[in-house]
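Residue numbers (this note's numbering): 10 to 93.
Here it is in structure tokens:
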């Protein structure tokens, strides 16, 4: 990612209400991630009935996933709260 793109991303995040606080940025990231994950319900995270698939690290075998639904919430929260 170029410096100009990072600057644009950082200024966009800073414009969020409370965007100067890492805790609030993490909450925004978790909210955005949860809205996307639970709104879209991708097949690799959810079963046909809508239940979340177990994590393949803790439940190896058929029907598990390497990228569970909770990770789709935690990852953007970590990126916005810690890395930006």
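Backbone N, C-alpha and C define an ideal beta-carbon position, used for all residues, glycine too. Quantities reported herein were computed from a predicted structural model and do not represent experimental measurements.
Counting only the same chain and skipping the five closest in sequence on each side, list residues whose C-beta sits under 8 angstroms from that of residue i.
i: residue 54; result: 46, 61, 62, 74, 76, 77, 78 and 81
i: residue 72; result: 56, 62 and 63
i: residue 19; result: 93
i: residue 65; result: 73, 74 and 75
Can you tell me the Cα-Cα spacing of residue i and residue j, whole angstroms?
i: residue 50; j: residue 59; result: 8 angstroms
i: residue 35; j: residue 48; result: 19 angstroms
i: residue 29; j: residue 23; result: 6 angstroms
i: residue 67; j: residue 42; result: 22 angstroms
i: residue 16; j: residue 70; result: 43 angstroms
i: residue 12; j: residue 33; result: 24 angstroms
i: residue 44; j: residue 89; result: 15 angstroms
i: residue 14; j: residue 21; result: 11 angstroms
Among residues of its own chain, excluding the 5 on either side of residue i, which ones have a beta-carbon nearer than 6 angstroms to its beta-carbon?
i: residue 86; result: 35, 38 and 39
Give me whichever residues DSSP pairs with residue i in a beta bridge.
i: residue 64; result: 74
i: residue 55; result: 61
Taking residue i and residue j to be in contact with their CB atoms under 8 angstroms, please state how far apart those CB atoms are, rounded to whole angstroms.
i: residue 31; j: residue 91; result: 7 angstroms
Quick one: residues in its chain with C-beta nearer than 7 angstroms to the C-beta of residue i, no 5 flanking neighbours on either side, listed in chain order?
i: residue 84; result: 42
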